[in-house]
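The structure appears below as structure tokens.
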Amino acid sequence: DSGVTQTPKHLITATGQRVTLRCSPRSGDLSVYWYQQSLDQGLQFLIQYYNGEERAKGNILERFSAQQFPDLHSELNLSSLELGDSALYFCASSVGSGVWRDTQYFGPGTRLTVL
Amino acid sequence: AQTVTQSQPEMSVQEAETVTLSCTYDTSENNYYLFWYKQPPSRQMILVIRQEAYKQQNATENRFSVNFQKAAKSFSLKISDSQLGDTAMYFCAVTNTGNQFYFGTGTSLTVIP
Chain A
559 DSGVTQTPKH LITATGQRVT LRCSPRSGDL SVYWYQQSLD QGLQFLIQYY NGEERAKGNI
619 LERFSAQQFP DLHSELNLSS LELGDSALYF CASSVGSGVW RDTQYFGPGT RLTVL
Chain B
54 AQTVTQSQPE MSVQEAETVT LSCTYDTSEN NYYLFWYKQP PSRQMILVIR QEAYKQQNAT
114 ENRFSVNFQK AAKSFSLKIS DSQLGDTAMY FCAVTNTGNQ FYFGTGTSLT VIP
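Chains A and B, in that order, give the protein sequences. The first sequence begins at 559 in our numbering and counts up by one. The second sequence begins at 54 in our numbering and counts up by one.
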């Protein structure tokens with residue numbers, strides 16, 4: 559158990575809908591990262607937040623947004639869902655702000671299925 | 054952008070034997086970190102080992118060790134005394150000062166009893 563929690567574990571929804579994925583980092587970690595793992599794209603970095611502020615951005619679509627709250631939990635919002643958004647979404651956390659220095663610890667993931 | 058290549062989509066090894074998973078990467082940075090993550094059937098991503106690029110000494114963690122060849126941009130993972138619980142997908146990853154984390158496409162390892 560990495561100490562990172564994600565809810566829900568599974569989510570099934572329809573195209574065009576909007577969903578929110580939630581992540582709580584390990585105790586003491588200030589950074590949260592979001593990843594998408596799909597069969598054809600592999601593991602893709604989406605976005606990083608550090609202590610409430612956006613720190614780094616990867617291949618995140620405009621339909622997706624994220625935020626980190628004062629208690630350091632983070633939410634990833636996915637809107638206007640398409641079939642291709644079906645994937646496993648991981649949250650990870652680390653102590654510091656620097657991706658390249660920090661070891662990231664991953665949560666168990668949220669499996670999103672868009673029908 | 055950086056690329057990470059894992060050229061072995063699938064591998065198998067007999068229990069108690071040794072196996073090496075290969076990884077090559079492309080970066081123009083001098084400072085970076087390299088990681089191996091394991092993803093068992095539970096889908097959890099678990100850190101196996103990490104290597105700092107400026108350190109010449111190869112990292113080791115119990116039965117796991119790396120062969121880091123900086124000039125060749127190679128970062129292979131050796132698993133000794135393979136156990137059934139090592140069956141998983143293994144991902145190589147690299148990060149740099151650009152605050153991005155790049156993963157390879159993974160190698161599926163099966164340990165055969």
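Virtual Cβ for every residue (Gly too), placed ideally from N, Cα, C. All values derive from a computational prediction rather than experimental measurement.
Within the 8 Å Cβ cut-off, does G159/B reach chain A?
-> Chain A contact via Cβ: present.
Cross-chain neighbours of F121/B in chain A, by beta carbon under 8 Å | Correct list: empty, because the minimum Cβ distance to chain A is about 16 Å.
Where do the ends of the beta strand (DSSP E) carrying E633/A lie?
-> Under the DSSP assignment, E633/A falls in the beta strand (DSSP E) whose first and last residues are 632 to 636.
Boundaries of the beta strand (DSSP E) in which F156/B is found, first to last residue = Segment 154 to 156, the beta strand (DSSP E) holding F156/B.
Along chain B, in chain order, which residues have C-beta atoms closer than 7 Å to that of G616/A?
-> Neighbours of G616/A on chain B, chain order: Q153.
Taking M98/B as the query, report the chain A residues whose CB atoms sit under 7 Å from its CB, ordered along the chain.
-> Chain order gives the chain A residues near M98/B as F648, F664, where near means a beta carbon separation below 7 Å.
Chain A beta carbons: is any one of them nearer than 8 Å to that of R103/B?
-> So, interface residue.
Under a Cβ-count criterion, where at least 16 other Cβ atoms within 10 Å of its own Cβ denotes burial, should G615/A be classed as buried or exposed?
-> It is worth fixing the name first, because residue 615/A is Lys in this sequence and not Gly. Residue burial annotation: K615/A is exposed, with fewer than 16 other C-beta atoms found within 10 angstroms of its C-beta.
Compare the C-beta of F144/B with all C-beta atoms of chain A and state if any pair is closer than 8 Å.
-> Put simply, the CB of F144/B is near chain A, with a gap under 8 Å to one of its CB atoms.
Partner residues on chain A for F117/B, Cβ-Cβ distance less than 9 Å = Per Cβ cutoff of 9 Å: no residues; F117/B is ~15 Å from chain A at best.
Could you say which of A106/B, K91/B, S135/B, C145/B lies nearest to T58/B if we only look at CA atoms?
-> Ranking the options by Cα distance to T58/B, first place goes to C145/B.
Under 7 Å Cβ-Cβ, which residues of chain B neighbour T661/A?
-> In chain order, L100, R103 make up the part of chain B whose C-beta sits under 7 Å from the C-beta of T661/A.
Distance between F117/B and L137/B (C-alpha atoms, nearest Å) | Each residue's Cα considered, the two are about 14 Å apart.
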